[in-house]
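Chains as they are written, first to last, in the numbering used here: chain A, 1 to 248; chain B, 249 to 551.
Worksheet: the structure to be examined is printed underneath.
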């Protein structure tokens, strides 16, 4: 009971703090919607049917939101909380590590979920996007993609000794990953060798494939490979994080 | 006097570095116990072992009857902690921080009461990064007291504060002890220890080099009284040097003599008078813990 109360309070405190960070709000809510308009209005050829293309573009931009939480949001907060000794101070109270990490993780999950919900609403209202698959399966895929990407990029706070270092590492990773994983540019428009030898090895690519497939209603059997890869990435991320995570 | 903390042969090594090297002491209930020494002496490592935040390499510790290495979770319900250079997220409000930490304990004090106690009642809705250095430390104290603990640890509470804020902080710490709590105060600021602490342990290079009340430490010091004055003719120094129990130092016509007791001070004045020596700016001052530290370790404490 006490654990649950701690967990809920840590979650709501983290959510409140997120709401006071204009940059985080921008990247979670404004930037993806802006990118949606840019891609749909500028990059999609005029003769292409927008109501078809939107169903590929929107799921990939959802992965943009997940990635900005996983690559920027979570690692940056952890490094900052470590640097100011907030994590250590929490450890000096009778709070279990499970409540601290769980509350922090749930807050970031909720924020990301709100971000993709806003994007979906805009896509449905403005471009008539339609979910062809099952909503439950799509949400399940979203949870898997979130956990998997959030976990694998936990190596950043593991290796970054300071906030500056974390920002540098996140930026170096973020933009190439967005370009080569099908988020900004569809995979079939990338040179074949990039798609085959680079994109395939980026976990984000498989999150894009999974969410696009589930949105477009592909049979689950066709997506088994993506799901297994993301599960593997999740396990790898947890193992690396458990080995490199530091409270101070 | 009941014992709140007992430490025996505590050691903590980081590779070849012995940060804490065989430290033993006891802290009694309701006292302000000071752990003083220069930066890097091992003060913080010692208290963090007591708080259960670090695992000692050797030795045994009992804090409020518990072993911090195995009963850390239980211990943390009983103690209050303020960390050296510990901060909180910029955008958390004072009241929110108190309510968050209050939710970690089965019983806690209302945020309003705590804010009033530390003089932050007007800052309940202020963001952490808008508080001044002194106000941040006041909030850290309030957060350490949120569950009304019997024992609180303050680590470099006043470092970086201006003299006025520092003095106000001293009053606050004294009032916390007045309320019946036991306080462990870590500081590298000797005047603070002298003002506040009932007993102090002086730590240097991981070892306790002295442990007593500040008054006893100073009294035991050879040359616990310092006499200084200015003369035109430094030749008088030769005669003053013959007084037993008096150590002289001379610079630019200013003579400083360290005297073991007031009788020796009288002797100094007598010799000056008998020789018809003109002297000015005559002052007598008691030694401080800084002098004690210098005498024991041969090093100056530095800020």
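For glycine and all other residues, C-beta sits at the position ideal for the given N, C-alpha and C.
Keep in mind that this is a model prediction, so the values were computed, not measured.
- With a minimum length of 4 residues, the unbroken runs of alpha helix (DSSP H) contained wholly in the stretch 382-434 of chain B fall at 411-426.
- Contacts with chain B at 9 angstroms (Cβ-Cβ) do not include residue 82 of chain A.
- Distance from the CA atom of residue 104 of chain A to the CA atom of residue 238 of chain A, rounded to whole angstroms, is 15 angstroms.
- With respect to the 9 angstroms criterion, residue 368 of chain B and residue 342 of chain B are classified as neighbours on the basis of their beta carbons.
- For residue 16 of chain A, at least one C-beta of chain B is nearer than 9 angstroms to its own C-beta.
- Within 10 angstroms of the beta-carbon of residue 412 of chain B lie fewer than 16 other beta-carbons, which makes it exposed.
- Taking the beta carbon of residue 324 of chain B as reference, the chain A residues within 9 angstroms of it are 91, 92, 93, 94, 95, listed in sequence order.
- Each residue's CA atom was taken as its position, placing residue 135 of chain A and residue 214 of chain A some 9 angstroms apart.
- Residues of chain A with a Cβ closer than 9 angstroms to the Cβ of residue 319 of chain B do not exist; the shortest Cβ-Cβ separation is about 11 angstroms.
- For residue 288 of chain B, there are no C-beta contacts with chain A under 7 angstroms, since the nearest C-beta of that chain is about 17 angstroms from it.
- In the three-state scheme derived from DSSP, where H, G and I count as helix and E and B as strand, residue 499 of chain B is classed as strand.
- Under a 10 Å Cβ-count criterion, residue 249 of chain B is classified as exposed, with fewer than 16 other Cβ atoms of the shown protein chains found around its own Cβ.
- Interface annotation for the stretch 14-43 of chain A against chain B: 16, 17, 20, 21, criterion Cβ-Cβ distance under 8 angstroms.
- If you compare the alpha carbons of B/416, B/425, B/442, B/303 with that of residue 534 of chain B, the shortest gap goes to B/442.
- Taken through DSSP and simplified to helix, strand or coil, residue 453 of chain B comes out as coil.
- When C-beta distances to chain B are compared with 7 angstroms, the residues of the stretch 94-113 of chain A below that value are 94, 95, in chain order.
- Between the stretch 49-68 of chain A and the stretch 135-154 of chain A there are three or more C-beta pairs closer than 8 angstroms, enough to call the two in contact.
- Taking 9 angstroms as the cut-off, the beta carbon of residue 70 of chain A is found closer than this to the beta carbon of residue 153 of chain A.
- Taking 9 angstroms as the threshold, the shortest C-beta distance from residue 404 of chain B to chain A does not fall below it.
- The three-state secondary structure of residue 257 of chain B, taken from DSSP, is strand.
- Residue 99 of chain A has its alpha-carbon roughly 6 angstroms from the corresponding atom of residue 6 of chain A.
- Only those residues of the stretch 288-306 of chain B whose C-beta falls short of 7 angstroms from the nearest C-beta of chain A are listed: 299, 301.
- Two segments are said to touch when three or more pairs of C-beta atoms, one from each, lie closer than 8 angstroms; by this definition the stretch 306-325 of chain B does not touch the stretch 449-465 of chain B.
- When the Cα atoms are used, residue 74 of chain A and residue 296 of chain B turn out to be separated by approximately 28 angstroms.
- DSSP, read as helix, strand or coil, puts residue 273 of chain B in strand.
- Annotated three-state conformation of residue 25 of chain A is helix, per DSSP.
- Residue 492 of chain B has its alpha-carbon roughly 28 angstroms from the corresponding atom of residue 459 of chain B.
- For residue 353 of chain B, the secondary structure class from DSSP, reduced to helix, strand or coil, is coil.
- Closest by C-alpha distance to residue 226 of chain A, out of A/194, A/208, A/217, A/235, is A/208.
- In this structure, the straight-line span from the alpha carbon of residue 171 of chain A to that of residue 72 of chain A is close to 8 angstroms.
- Apart from the 5 residues on each side of it in sequence, residue 267 of chain B sits with its Cβ closer than 8 angstroms to the Cβ of 260, 261, 290, 293, 454 in its chain, given in chain order.
- Our two residues, residue 197 of chain A and residue 286 of chain B, have alpha carbons roughly 57 angstroms apart in a direct line.
- Around the beta carbon of residue 395 of chain B, a 10 Å sphere encloses 16 or more other beta carbons of the protein chains shown; the residue is thus reported as buried.
- Residue 405 of chain B is positioned such that its CB atom lies no closer than 9 angstroms to that of residue 426 of chain B.
- Chain-ordered listing is empty here: chain B has no CB closer than 9 angstroms to the CB of residue 245 of chain A, the nearest sitting near 16 angstroms.
- Taking the Cα positions, residue 545 of chain B is about 15 angstroms away from residue 288 of chain B.
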